[in-house]
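Asker: Residue numbering for the sequence shown follows our numbering, starting at 1 and increasing by one per position. Quick one: structure below, then a few questions.
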Amino acid sequence: MQKNVRTIKTIIAAGLGVQMLVFALPYVINDSLFGLTYTSHYYNVFKAALTTSDNFFLTVFLCAPVIFIPIVFAIMLFPDAVVTESKKSVWASIASIIAIVPHIVLWTLVGSDAAYGLYIGLFLSLGLLILSLASLISLKADGRAVSGRANTTPQSRRSNAENGEIIGVEGGLRGHKFDAPSGKAILLGRDEAVCHIKLSEDAEKVSRKHCSVLYDGQNQRFLVTDYSSNGTFLQGGQRIEHGKTITVPRGMIICLGDGGNSFLLR
């Protein structure tokens, strides 16, 4: 189900990217487009709206497409290791909505039927926003479920301290939970023969033996070692040097390869 949702979000984001590009064309060319000569008319209407308006907020509103079109592309270019895929989709959809609305208003004011076509982009943006928010809410709910476990006895508290957990955040293992006994190195990768946590063969950026995670129960921390070609990243974008081991606190998220597969260390 999660894979299908991610595919739908990718298709919507691609469609929005194309529409954002089409929106940008009237600003950089002043000629016919696909046999249509609307670009000159659009440019003149836009210029007239700016030059006749002494309202600063209206000017900013009309300039929103110019400002937010590159922002949409910049957001989508951020690696998943820095910003998770769900958060990128949320911010990109919000930026695209802000970019689309002025076009709809402007074309409606001049009585053009082109405004109706722009509603497609608006609905796509709203759909992407809803799907992305649903993914984030689901992820936070998983986190609350994990953090909300009651430790009612001293023995259970010791057990939680002596054993960690590795929880899938993004990718094919999203929502899956794996025990990380203190002192035992857990290997992650695509090689089922050697890895304790096996990732899908479709995860091309994940090496067969990608990294290992060892929980130090005495100090309540994790030791992460990278063995990969495409890198293991910490939340925030820091890359672990190949063959090196670093110490990270509980609650850290590690991203494998391009960040399409990430795990919470608890």
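Even for Gly, the Cβ is constructed at its ideal location relative to N, Cα and C.
Going by C-alpha to C-alpha distance, which of Ala193, Thr225, Lys177 sits closest to arginine 239?
Answerer: For this step, residue 239 is matched to residue 239 along the sequence shown. Of the candidates Ala193, Thr225, Lys177, the one whose C-alpha sits nearest the C-alpha of arginine 239 is Thr225.
Asker: Check each candidate in Thr247, Lys184, Arg174, Ala180 and name the one with the smallest Cα separation from serine 200.
Answerer: Position 200 of the sequence shown holds residue 200. When only C-alpha atoms are compared, the closest one is Arg174.
Asker: In this structure, how does DSSP classify valine 248 when only helix, strand and coil are distinguished?
Answerer: For this step, residue 248 is matched to residue 248 along the sequence shown. Three-state result, valine 248: strand.
Asker: Near alanine 270, what residues of its chain come up, given a Cβ to Cβ distance below 7 Å and the 5 sequence neighbours on each side ignored?
Answerer: Residue 270 cannot be examined here, being either before or after the span of the chain that is shown, 1 to 266.
Asker: Between which two residues does the beta strand (DSSP E) containing serine 212 stretch?
Answerer: Walking along the sequence shown from the start, residue 212 turns up at place 212. Unbroken beta strand (DSSP E) run through serine 212: 211-216.
Asker: Compare the beta carbon distance of isoleucine 246 and leucine 264 with 8 Å and say whether it is the shorter of the two.
Answerer: What you label residue 246 is simply residue 246 of the sequence shown in a count that begins at 1. What you label residue 264 is simply residue 264 of the sequence shown in a count that begins at 1. Not closer than 8 Å, so no.
Asker: Thinking just about the alpha-carbon of each residue, which of Asn219, Gly168, Asp191, Gly171 is nearest to the one in serine 228?
Answerer: Locating residue 228 in the sequence shown gives position 228, where the first residue counts as 1. Taking only the C-alpha atoms, the option nearest serine 228 is Asp191.
Asker: Any idea if asparagine 219 is buried or exposed, counting beta-carbon neighbours within 10 angstroms, 16 or more meaning buried?
Answerer: Sequence index remark: in the sequence shown, residue 219 carries index 219 (1-based). So asparagine 219 counts as exposed.
Asker: Do leucine 256 and cysteine 195 count as a contact pair if the criterion is CB distance below 8 Å?
Answerer: Counting from one through the sequence shown, the residue named residue 195 turns up at place 195. Counting from one through the sequence shown, the residue named residue 256 turns up at place 256. Cβ distance not < 8 Å, so cysteine 195 and leucine 256 don't count as in contact.
Asker: Could you tell me which of His242, Asn230, Gly237, Leu223 sits nearest to lysine 184, measuring between CA atoms?
Answerer: Position 184 of the sequence shown, counted from the first residue, corresponds to residue 184. Looking at the Cα atoms, Leu223 is the closest of the given residues.
Asker: Taking C-alpha atoms, which residue in Ile130, Ser262, Lys177, Ser182 lies nearest to arginine 221?
Answerer: On the sequence shown, residue 221 is found 221 positions in, with the first residue counted as 1. The residue with the shortest Cα to Cα distance from arginine 221 is Ser182.
Asker: Relative to the alpha-carbon of lysine 244, which residue among Ser262, Thr232, Asp258 has its alpha-carbon at the smallest distance?
Answerer: Here residue 244 refers to the residue found at position 244 of the sequence shown. Of the listed residues, the one whose Cα sits closest to lysine 244 is Thr232.
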